[in-house]
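Novice: Next up is a structure, given as structure tokens.
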Amino acid sequence: MIEPIFSMSNFKVKELVKLRESSKRRRERQHFVVEGYYDIKSVFNSGRKLEELYFCSEFVEKAGLVDELEALGKFDFDLIELSKDPFIKASYRKSSDGFLAKVNSWTLSMENIIKSNPQTCIVLDEVEKPGNLGAIVRTAEAFGVNTLILSDSSVDFFNPNVVRSSRGLMGGINVALGTKNEVSAFLKENKFSIIGASGSAQKSYWDFECKPKTAFLFGSEKDGLGHYWLDLADDLIGIPMKGNVDSLNLHVSVACMLAEYNRKESI
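Remember, the working numbering sits 1234 above the position in the sequence shown when you count from 1.
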């Protein structure tokens, strides 16, 4: 184990803060930060490489994770102790269990999607909120969909809010980033049935037909699907609502669609 760090100005602490705050830094260094023992465990178990694992004994003891900390000593990454103040500086949670990890990022390539030959995928066009993206990753995992394509997305997939909302599950899902043209070309060439979610759709999500290869398409939180995708979709479906509600949170809409898809597939 490396010597404990007590200084808030230590270069390792400063680097953790920069990785937390700056997408540019994450891209340059090809690292990102994961906080929380169980989130770190999820990322690690998915096969992603941890470079450094930081812990604060006071918070670890308070969380009842001392045995878990001792078990981590056998793995091939640096285990570094931070005193309370440096840990708080590096942390992005109000209440922490005392674990932070610096993890290697990976390429979000359309080539990876092509090689994996998925049968079902989620396509998010111009998604804007990191928390929503992370929640959708978690939702996809819950419903057995392991492919997510981001079309013209401005969200950094390695943003701490994506990591936190996904509960670390973002390490196990196959994710690609592409332009609208790249994504639509992939879907057409691989003969996906493109099912677009739209609040103005005349057909209910109860009524769509399951095809051998299906891509569920969702627009931005603010504007929904634009004309590009509305024109390309093979079918448009909506979620019937009652009461004084005209829309749902994006990750809730994704959950509704995937739950119905799983139900249809099981019949």
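From the three backbone atoms N, C-alpha and C, an ideal C-beta is built for every residue, glycine too.
If Asp1386 and Glu1360 are in contact, beta carbons under 8 Å, what's the gap, nearest whole angstrom?
Specialist: 5 Å
Novice: To the nearest angstrom, how far is the alpha carbon of Gly1270 from that of Ile1239?
Specialist: 19 Å
Novice: In whole angstroms, what is the alpha-carbon distance linking Glu1237 and Glu1315?
Specialist: 7 Å
Novice: If you draw a straight line from the C-alpha of Pro1474 to the C-alpha of Ser1280, how long is it?
Specialist: If I take the Cα positions, the gap works out to 36 Å.
Novice: Output the distance between the C-alpha atoms of Asn1424 and Asp1465, rounded to the nearest integer angstrom.
Specialist: Straight across, the Cα-Cα distance linking Asn1424 with Asp1465 is about 18 Å.
Novice: Given this structure, state the Cα-to-Cα distance separating Lys1328 from Leu1492, to the nearest angstrom.
Specialist: 32 Å
Novice: Flag this pair as yes or no: are the beta carbons of Ala1324 and Leu1287 separated by less than 8 Å?
Specialist: Cβ atoms of Ala1324 and Leu1287: not closer than 8 Å.
Novice: Taking the straight line between their C-alpha atoms, what separation do you get for Gly1406 and His1461?
Specialist: Taking the straight line joining both Cα atoms gives about 32 Å.
Novice: Please work out which residues of its chain come closer than 7 Å, Cβ to Cβ, to Phe1311, disregarding the five sequence neighbours upstream and downstream, and give them in chain order.
Specialist: Leu1284, Glu1285, Glu1286 and Leu1287
Novice: Checking 8 Å against the spacing of the C-beta atoms, do Asn1366 and Glu1455 come in under that value?
Specialist: Cβ atoms of Asn1366 and Glu1455: closer than 8 Å.
Novice: Going by DSSP in three states, Ala1449 sits in which element: helix, strand or coil?
Specialist: strand
Novice: Report yes if the CB atom of Val1294 is closer than 8 Å to the CB atom of Asp1331, and no otherwise.
Specialist: yes
Novice: Can you confirm whether the stretch 1469-1484 touches the stretch 1419-1433 when touching is taken to mean that 3 or more C-beta pairs between the two stretches lie within less than 8 Å?
Specialist: yes
Novice: Pick from Asp1319, Ile1348 and Ser1487: whose alpha carbon is nearest that of Lys1422?
Specialist: Ile1348
Novice: Could you check where the alpha helix (DSSP H) with Asp1319 kicks off and where it finishes?
Specialist: Lys1318 to Ala1324
Novice: Are Gly1368 and Ile1274 touching if we call contact CB-CB under 8 Å?
Specialist: no
Novice: Which first and last residues belong to the beta strand (DSSP E) in which Phe1333 is found?
Specialist: Unbroken beta strand (DSSP E) run through Phe1333: Phe1333 to Asn1338.
Novice: Whose C-alpha, out of Asn1346, Arg1497, Asn1478 and Gly1307, is nearest the C-alpha of Glu1409?
Specialist: It is worth fixing the name first, because residue 1409 is Val in this sequence and not Glu. Measuring from the Cα of Val1409, the nearest candidate turns out to be Asn1346.
Novice: Can you tell me the Cα-Cα spacing of Ser1317 and Val1247, whole angstroms?
Specialist: Roughly 11 Å between the two C-alpha positions.
Novice: Once the 5 residues before and after Lys1445 are set aside, which same chain residues still bring their CB inside 6 Å of it?
Specialist: Ser1427
Novice: Output yes or no for whether 8 Å exceeds the beta carbon distance between Val1357 and Ala1449.
Specialist: yes
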